[in-house]
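Peer 1: What follows is a structure written as structure tokens; I'll ask about it next.
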Amino acid sequence: MESAGYFALRSNVVSDAFEALVIYRQRNMVEQDFNQLKNWLDGDRLRVGAVSVHGKLLVSTIGTALRMMMLCSAKKMENRKNKLTIPGGSLDRLLMELTLVRAEKRKNANAWIRNTIPASRRRCFELLQLPEPPRKFIL
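Count along the sequence shown from 1, then add 3; that gives the number in the working numbering.
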């Protein structure tokens, strides 16, 4: 209560106030994702079968876990290397940068050729600790 000023967090698991606040904020992100799921279903349980709700809930849970793992990995790399920064401080911006990496199918061969990756996008791969995709994919 002394360090936050506006609200109190009590925990019998975590003794450090700042660590408890970080965990609380991560929990809030998961709750927001579940809220979004409820909005996708229009909040009406009569129109949606239980199987589809469980399926969407599973996909949302897996997606949230993957996003949190990616964000934690990017934050660790950002703290480790000064030249690496998350674009706009947002995982969404980071993923949008990676969607610009494209490959086109060659007309005269059974292969795909990746476009050139600028240095800013190469740093995005490095943030997520991913190797760059190969220049040529042969089917």
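Positions of the beta carbon are idealized from the N, C-alpha and C atoms, including for glycine. Predicted model, so just to flag it, every value in this text is computed and none were measured.
#1: Identify, in the order they occur along the chain, each residue of the same chain with its Cβ nearer than 8 Å to the Cβ of Pro134, setting aside the five sequence neighbours on each side.
#2: Kindly indicate which residue of Cys75, Arg124 and Ile120 has the alpha-carbon position closest to the one of Leu97.
#3: Whose CA, out of Gln29, Asn15, Lys110 and Asn85, lies closest to the CA of Leu130?
#4: Hey, out of Leu101, Thr102 and Asn118, whose CA is closest to Arg109's CA?
#5: Are the CB atoms of Leu101 and Leu74 nearer to each other than 8 Å?
#6: Assuming Ala114 contacts Lys78 (C-beta within less than 8 Å), just tell me the rounded distance between them.
#7: Of the choices Val33, Ala11, Val104 and Arg28, whose alpha-carbon is the least far from that of Val62?
#8: Short check: CB of Asp132 to CB of Met80, under 8 Å?
Peer 2: So, from the data block:
#1: Along the sequence shown, read from residue 1 onward, the residue named residue 134 stands at position 131. If we look at Pro134 and ignore the five residues flanking it on each side, its Cβ neighbours are Phe128.
#2: Here the question's residue 97 lines up with position 94 in the sequence shown. Nearest of Cys75, Arg124 and Ile120 to Leu97, Cα basis: Arg124.
#3: Here the question's residue 130 lines up with position 127 in the sequence shown. Of Gln29, Asn15, Lys110 and Asn85, the residue nearest in Cα terms is Asn85.
#4: Along the sequence shown, read from residue 1 onward, the residue named residue 109 stands at position 106. Ranking the options by Cα distance to Arg109, first place goes to Asn118.
#5: To locate residue 101, count along the sequence shown from 1; it is residue 98. To locate residue 74, count along the sequence shown from 1; it is residue 71. No, the pair does not count as a contact, with Cβ atoms beyond the cut-off.
#6: Position 111 of the sequence shown, counted from the start, is the residue given in the question as residue 114. Position 75 of the sequence shown, counted from the start, is the residue given in the question as residue 78. Actually they do not touch by this definition, with Cβ atoms about 37 Å apart.
#7: Along the sequence shown, read from residue 1 onward, the residue named residue 62 stands at position 59. Checking every option, the nearest Cα to that of Val62 belongs to Val33.
#8: Position 129 of the sequence shown, counted from the start, is the residue given in the question as residue 132. Position 77 of the sequence shown, counted from the start, is the residue given in the question as residue 80. A quick correction: the sequence has Gln, not Asp, at residue 132. Yes, they are a contact pair.
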